Amino acid sequence: MRWSKAFIPTLKEDPSEAEMVSHKLMLRSGMVRQLTAGVYEYLPLGWKVLLKVTAIVREEMDRAGAQELYLPALCPAEIWQETGRWTDFGDEMFRLKDRKQRDYALCPTHEEVITDLARAQKLSYRDLPQNWYQIQVKFRDEPRPRSGVLRVRHFIMKDAYSMDRDQAGLDASYLAMKEAYVRIFTRCGLKFFIVGASSGLMGGSGSQEFMVASPSGEDSCAVCQACGYAANSEVACSKPAAPVYQDGPLEEVSTPEKRTVEEVAAFLKVPRSQLMKSLLYMADGQPVFVLIRGDDELNESKLQTALGTAAFRPATPEEVQKATGASVGFISPVRISGVRIIADRLLQNAAGLVSGANKDQHHLRNIFVGRDLKVDCFFDLRSVKNGEPCPTCGQPLALTQAIELGHIFKLGTKYSQSLNATFTDEDGIEKPLIMGSYGIGIERIAACVIEQSHDKDGIVWPLALAPYQVVVSALNVNNPEIMKAAEGLYAELAGARIDVLLDDRDQRPGFKFKDADLIGIPLRVTVGEKGLAEGVVEIKRRGGETVKLPPAQAKQKVQELLSVELFPGK
RNA sequence: CGGGGCGUGGCGCAGUUGGUAGCGCGCUUGCUUUGGGAGCAAGAAGCCCCCAGUUCGAGUCUGGGCGCCCCGACCA
């Protein structure tokens, strides 16, 4: 490609809407432009990078035995209604009607479609296992798109779905995908880690996420350096020290206008850990008390698992009044009957607690959980805090912000059962397919690589993802000698099937260097008057050292540098 | 959905007590220049987010919308 003909609209200044480095650099390097909130256009340079990413993904998925197919993004409501997710997805699903007023969705994910495909095939155990994948656009009406290409409403995903006859088969399929993911992210040059994760709306028995540490990440992960325990905070647990409780007679105390944990603890001169937060939630339309220690934070992901439903929310002040007779801040399950009570495990056998008296401006002291209220069930409901002991080895856990790049799920039979997707086993009996699902955010890979690999001048692409591997900079297009040498090299490199860009723009050298650095091309071959006077061209690694050598040897040297970088360690 | 910020040439921004819009970058043309985002000269390019008001007169004041960004909530 000749730069003079290429559409690479670079920007000298940072666009004001961008906050993250990757966002700024993607805009400045002319990779992407925003069309509207959470919707991006990929310009030629950005698209080339995505093509490099998807090529790696395809190679590794194929190597792992998966087969590529292509499913529609437009999908009728019926199959979503069959699994219940027409409702579960709520506002996050883009919905539309056709001319006959039939409901459709723009698919946010494809379990329903793939399962529908599988059930129509009347599979035999002989056909199994199967693993089908696609690289395709997904639509999600995010409440708040942000961070450039990281959280968007329209994005490309590689999604794969495995079908097995039994759990052992699923385990093998899952492991194969996990290994493929490790290879994919490694080849993309990413530093990543794997955490145990919540299955959320997807359902199923277990899942893991592939994470890249980043202060801008939206997920928090608890990681143990000592034993390797790593989990998303949605599911992470810890072994906090067992508190010592002092028992005493239940008593009511006046606490005028003291509503929050801080206010009450300060007023009564007790540590926050001695308070019991009594939260009233509405779950599937029924009130439920959720109890947690005063110094802990309720983890809503864990609460969802405990409640077994996603349809829950904090009760309104009116609902609180109706259930307890008091206002928010002065309630507890003590002396309340007919309301389900769930509590964090740390409150098991807890005594001497302070919580609301169900009477405005009053609290209770010395609440003894075993005596004064009856908890229906204890769960782990609290969020892990930085530095708490690891649940497996006891060493301190570190909380790290991270970006989710991929997520793999053991779905089991959630979709095959609700959609009746079965196979016929050896014994002639139809059984539900045991399924797994595996996703990778394609754009996120590109953004995370930029986050991890850039300097003050711009992107530093690893060779595997670079839109061009080499740029030949002809420093003065009005000098025939330079142009002859540059054109010659360009033709030679292109002929060797190297992705090469010829900077033949009528610009000053500094301008060209800045641009080349900005878009992050790994190797730059500089053809200028200075060099030619000595009979050499210069080959410079992005952000690295320069070698000078005669033009005739340049191609070989470039190939050498490229092959070293493409197969690191070999 | 709560809180905050911002909408003015393609991009980054300025615009005073209300008086008919400007700077830098980019773009076009010419000349000079050519090793880290050149200089000079001449140009083109603006429904000042939209709609209503107030006013002789609104980018500026008032009201109502819409859009975008950030924080939180939410979220494979």
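The number in the numbering used here is simply the position in the first sequence, starting from 1, with 589 added.
Beta carbons are placed, not taken as given, at the ideal position from N, Cα and C, and that holds for glycine.
Note that this is a predicted model, so its numbers are computed, not measured.
Residues that residue i bridges to, as DSSP identifies them
i     : result
C966  : I931
C588  : A query on residue 588 cannot be resolved here, the shown segment of the chain reaching from 590 to 1159 and no further.
R882  : M865
R848  : According to DSSP, which records beta bridges pairwise, R848 is partnered with nothing at all.
R902  : M871
Q719  : M752
E841  : L953
I1048 : H1043
V859  : According to DSSP, which records beta bridges pairwise, V859 is partnered with nothing at all.
G1160 : Any property of residue 1160 remains undetermined from this structure, which presents the chain solely from 590 to 1159.
A811  : A820, L988
G1028 : D748, H996
C591  : The question names Cys, but residue 591 is Arg in the sequence shown. Answer by DSSP bridge pairing, in chain order: L1091.
F1012 : L712, K1020
R960  : Answer by DSSP bridge pairing: none, since R960 is not bridged.
Supposed close pair residue i, residue j - CB separation, criterion 8 Å
i    : j     : result
G778 : V1038 : 6 Å
V741 : G627  : 4 Å
A694 : R684  : 6 Å
L953 : V923  : 6 Å
A811 : L988  : 6 Å
A912 : Y870  : Going by Cβ atoms, the distance from A912 to Y870 rounds to 11 Å, so no, they are not a contact pair.
A991 : G806  : 4 Å
R848 : G918  : 3 Å
Q719 : M752  : 5 Å
Three-state secondary structure assigned by DSSP to residue i
i     : result
V917  : coil
I645  : helix
Y629  : strand
K1033 : This sequence places Arg at residue 1033; Lys is not what is there. R1033 falls in the helix class under three-state DSSP.
I724  : strand
P1164 : Residue 1164 lies beyond the residue range present for the chain, which begins at 590 and ends at 1159; the question has no answer from this structure.
K1159 : Interpretation of K1159 is limited by its pLDDT of 37, a score under 50 that renders its predicted location unreliable; no figure is taken from the coordinates.
F998  : strand
D836  : coil
T894  : helix
V1179 : Because residue 1179 is not part of the residues shown, which for the chain are 590 to 1159, the question remains open.
V1066 : coil
I992  : strand
Y818  : coil
L1160 : No answer is possible for residue 1160: it lies beyond the span of the chain, which begins at 590 and ends at 1159.
L887  : strand
L1054 : coil
R622  : strand
R617  : helix
V1038 : helix
V1061 : strand
V877  : strand
R924  : coil
Residue i classed as buried or exposed, judged by whether at least 16 other C-beta atoms fall within 10 angstroms
i     : result
Q723  : buried
A900  : exposed
T625  : exposed
R729  : buried
G1047 : buried
V909  : buried
P604  : exposed
V702  : buried
A644  : exposed
P1069 : exposed
K1159 : Residue placement at K1159 is poorly supported in this model, since its pLDDT is 37, which falls under 50; the coordinates still yield a value, given next. Answer is exposed; the Cβ neighbour count stays below 16.
D748  : buried
C966  : exposed
L658  : exposed
A757  : exposed
L739  : buried
P1157 : For P1157, the predicted structure reports a pLDDT of 49, less than 50, and the residue's modelled location is therefore unreliable. A value from the coordinates is still provided. By the 10 Å Cβ count, P1157 comes out exposed.
G976  : exposed
E536  : With the chain covering only 590 through 1159, there is no way to say anything about residue 536.
L962  : buried
A932  : buried
Margin query: As an exercise, report each continuous alpha helix (DSSP H) stretch of at least 4 residues that is fully enclosed by the region 650-717, in chain order.
Written below: DSSP runs (the alpha helix (DSSP H)) wholly in the region 650-717: 666-672, 674-677, 700-708.
Note to self: Threshold first: 4 residues or longer. Then list the alpha helix (DSSP H) segments lying entirely within the region 727-803, N to C.
What the structure shows: Segments of the alpha helix (DSSP H) lying fully in the region 727-803: 756-776.
Checklist line | Whole runs of the alpha helix (DSSP H) within the region 1081-1147, excluding any shorter than 4 residues | finding: With a minimum length of 4 residues, the continuous alpha helix (DSSP H) runs that stay inside the region 1081-1147 are 1098-1108, 1118-1122.
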